[in-house]
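J.:
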Amino acid sequence: MRLSRLSRTVLGVVTGLILLAVYLPLFVVLVNSFSTSTSLTWPPPGFTLEWWGKAFQSAGALEAVGTSVGIAIVATLISLVLGTLISLALQRFEFFGREAISLLIILPIALPGIITGIALNNFFRTILGVPLSIWTVVIAHATFCIVTVFNNVIARLRRTGTNLEEASADLGAGVWTTFRLVTFPQLRSALLAGALLAFALSFDEIIVTTFTAGSGVTTLPIYILNNMFRPNQAPVVSVIAVVLVIVSIVPIYLAQRLSGSEQTRR
């Protein structure tokens with residue numbers, strides 16, 4: 001499709017304005033992390049590296065980072081196992097209610113976070129009667145992280161088909177041998193991309209975490225929210241926010257590169 005010069009100009013201007021609206025606030029946060037002011041003021045009166053040193057020496061911030069990383073890793077591992085099994089079941093077998101189950105798997109990521117958080121809070125405290133803890137956060141994060149793995153794996157299964165698996169079975173290979181030598185190698189990049197996206201989603205999740213975390217569980221997003229308006233903590237929070245953005249961008253970038261490389265190879 002060819003666009004006129006006016007259409008290209010309008011499209012470029014609109015795209016530029018959208019990108020500016022998205023990334024200008026992030027730039028402001030980055031600049032404020034080097035500001036000499038103890039509050040979020042603009043323009044900054046001066047620049048310093050003091051807040052970066054304090055952020056990396058903060059015991060509370062480091063503990064929150066460790067908690068977020070631990071939760072994200074466990075939630076990602078759970079999502080890899082369950083998401084892969086569900087994808088194989090829905091793509092390789094036909095049974096009654098398959099489409100309904102597929103919808104139910106994808107639904108958690110489409111629901112507003114506050115709805116998911118309230119539902120899981122009531123489920124843990126009222127139905128199961130278990131106290132909120134780091135494990136309830138892990139389970140809560142796994143509910144929407146499964147979707148990213150599921151979408152990546154089932155899309156790959158649809159593209160690869162079953163010819164190689166059927167040939168492996170015809171040659172006498174069992175189910176596990178076929179999966180290990182044929183299916184899994186075809187899914188590796190999709191699994192890695194799904195795992196990276198799941199880790200990024202879990203690492204910076206705050207709404208669901210707020211409803212499912214116990215009083216002693218403080219993830220990095222919750223730490224930022226709790227300290228943002230405390231005296232002299234705004235620049236430190238800006239530093240942590242910059243680090244959080246970088247940590248979130250890296251897995252998403254790698255997942256995009258993996259997907260792009262796989263499509264180019266094919």
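In the UniProt record's numbering, the protein residues as written are 1 to 266.
Beta carbons are placed, not taken as given, at the ideal position from N, Cα and C, and that holds for glycine.
Please read all numbers here as calculations on a predicted model, not as lab measurements.
(1) Taking the DSSP output, what are the residues bridged to residue 267?
(2) Do you know offhand how far residue 66's Cα is from residue 25's?
(3) Determine the burial state of residue 129: buried for a count of at least 16 other Cβ atoms within 10 Å of its Cβ, exposed for fewer.
(4) Could you give the distance in angstroms between the alpha-carbon of residue 99 and the alpha-carbon of residue 105?
(5) Assign residue 114 to one of two classes, buried (16 or more other C-beta atoms within 10 Å of its C-beta) or exposed (fewer than that).
(6) Where residue 85 and residue 188 are concerned, what is the direct C-alpha to C-alpha distance, given to the nearest angstrom?
(7) With three or more C-beta pairs closer than 8 Å as the rule, is the segment 135 to 147 touching the segment 65 to 84?
(8) In the DSSP assignment, find the alpha helix (DSSP H) that holds residue 95 and state where it starts and stops.
(9) Between the segment 153 to 170 and the segment 206 to 225, are three or more C-beta pairs nearer than 8 Å?
(10) In whole angstroms, what separates the C-alpha of residue 58 from that of residue 4?
(11) Quick check: the segment 201 to 212 against the segment 60 to 75, are there 3 or more CB pairs under 8 Å?
(12) Mind checking whether residue 131 and residue 46 have CB atoms under 8 Å apart?
(13) Are the CB atoms of residue 241 and residue 74 nearer to each other than 8 Å?
(14) Does residue 173 come out as helix, strand or coil in the three-state DSSP assignment?
(15) Excluding sequence positions up to five away, which residues of its chain have a Cβ less than 6 Å from the Cβ of residue 27?
(16) The alpha helix (DSSP H) spanning residue 194 covers which residue range?
(17) Would you mind stating whether residue 301 and residue 190 have Cβ atoms separated by less than 8 Å?
T.: For this structure:
(1) Here the chain comprises residues numbered 1 to 266, so residue 267 is not present and cannot be evaluated.
(2) 27 Å
(3) exposed
(4) 10 Å
(5) exposed
(6) 14 Å
(7) yes
(8) First-last for residue 95: undefined, no H or E at that position.
(9) no
(10) 55 Å
(11) yes
(12) no
(13) no
(14) coil
(15) none
(16) 184 to 203
(17) This structure leaves residue 301 out entirely; the chain is present only between 1 and 266.
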